[in-house]
Amino acid sequence: NAGVTQTPKFQVLKTGQSMTLQCAQDMNHNSMYWYRQDPGMGLRLIYYSASEGTTDKGEVPNGYNVSRLNKREFSLRLESAAPSQTSVYFCASRFFLAGGDEQFFGPGTRLTVL
Amino acid sequence: GQQLNQSPQSMFIQEGEDVSMNCTSSSIFNTWLWYKQDPGEGPVLLIALYKAGELTSNGRLTAQFGITRKDSFLNISASIPSDVGIYFCAGLLKTSYDKVIFGPGTSLSVIP
């Protein structure tokens, strides 16, 4: 049981380059999330997916796109990277049933945009 | 947009002391969640709260869902060095079932 996996762990991009961050979970959770965390700040929600086939904007969606490929996978794409997107990106999955929350975060992707 | 505030921003305490921190918002929440993040890792869910007034414990941690539904509190009793980290509150708004937003965090340092 791997939980939530993210690839890559580290990435350096030049301004204007594109890339996709991959996230997968093996816990059969319905909901998945992408957050970014900047130094000294909390996690800001970029996009989330309540179920396979649905995605919704979070607090800071500009400059990003997402795909919920299937129940396991939720990818985040930067079409034209900017230095302001330098951050640590966390993927998470969540399952809620009858008053109980089960939520796990991945280890993060550390992205630097030059 | 919706915003969560956490206080204090940081704390330095002696080992063995009790710790209190809180989370407030101008919006009404249906669910409050408390997490701990260790350096270089993702947050780990500690406690989840679902009803106004609810008090829930997890070992030395106790959290409460505020009566107004606009705040939540986390207490840590008899702190130990491994309690060091950043504690985040997060919540689900009354209007959203799945949108989990986070506060800015409280950094806790424990002096042995």
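Taken in sequence, the protein lines are chains U and V.
For the first sequence, position 9 (counting from the first letter as 1) is numbered 5 according to our numbering, and the numbering increases by one without interruption.
For the second sequence, position 103 (counting from the first letter as 1) is numbered 1215 according to our numbering, and the numbering increases by one without interruption.
The C-beta atom is built at its ideal place from N, Cα and C for all residues, glycine as well.
In the DSSP assignment, R90 (chain U) falls within the unbroken beta strand (DSSP E) covering 83 to 93. Less than 8 Å separates the beta-carbon of K5 (chain U) from that of T105 (chain U).
Under the three-state reduction of DSSP, D1210 (chain V) is assigned to coil, being neither helix nor strand. Between the stretch 28 to 39 of chain U and the stretch 1135 to 1143 of chain V there are fewer than three inter-stretch CB-CB distances shorter than 8 Å, so the stretches are not counted as touching. Taking 9 Å as the Cβ-Cβ cut-off, the stretch 10 to 36 of chain U approaches chain V at N26, S27, Y29, Y31, Q33, G36, given in chain order.
Fully contained in the stretch 16 to 98 of chain U are the following beta strand (DSSP E) runs of length 3 or more, in chain order: 27 to 33, 39 to 45, 60 to 64, 70 to 74, 83 to 93.
Apart from the 5 residues on each side of it in sequence, L110 (chain U) sits with its Cβ closer than 8 Å to the Cβ of V8, L9, K10, T11, P79 in its chain, given in chain order.
With fewer than 16 other CB atoms across the displayed protein chains lying within 10 angstroms of its CB, S14 (chain U) is exposed.
Around the beta-carbon of P1120 (chain V), fewer than 16 other beta-carbon atoms lie within 10 Å, marking it exposed. In terms of Cα proximity to L1186 (chain V), the closest of V:D1130, V:T1207, V:I1192 is V:D1130. Residues are counted here when their Cβ sits less than 8 Å from a Cβ of chain V; for the stretch 57 to 90 of chain U these are F86, A88, R90, given in chain order.
A buried status is given to T1218 (chain V), since no fewer than 16 other beta-carbon atoms sit within 10 Å of its beta-carbon. Using beta-carbon distances, L1145 (chain V) counts as an interface residue toward chain U, with a partner under 8 Å. Think of a sphere of 7 Å around the beta carbon of E1153 (chain V): the chain U residues whose beta carbon falls inside it are P103, in chain order. S1191 (chain V) sits in coil when the DSSP states are folded into three classes, being neither helix nor strand. Counting of Cβ neighbours within 10 angstroms places K1163 (chain V) among the exposed residues, the total staying below 16.
The closest CA to that of P1193 (chain V), considering only V:P1224, V:L1157, V:K1148, V:Q1149, is found on V:P1224.
In the three-state reduction of the DSSP assignment, L1220 (chain V) falls in the strand class, which pools E and B.
By DSSP's assignment, Y1199 (chain V) forms a beta bridge with V:K1148, V:T1218. CA-CA distance, F1124 (chain V) to L74 (chain U), rounds to 39 Å. Nearest in C-alpha terms to G1128 (chain V), of all of V:D1195, V:L1204, V:Y1199, V:A1202, is V:D1195.
In the structure shown, S1184 (chain V) falls within a strand segment according to DSSP collapsed to helix, strand and coil. Distance from Q1118 (chain V) to G1215 (chain V) at the Cβ level is roughly 4 Å; contact confirmed, criterion being Cβ atoms closer than 8 Å. For the pair D1210 (chain V) and A46 (chain U), the CB atoms are nearer than the 8 Å cut-off.
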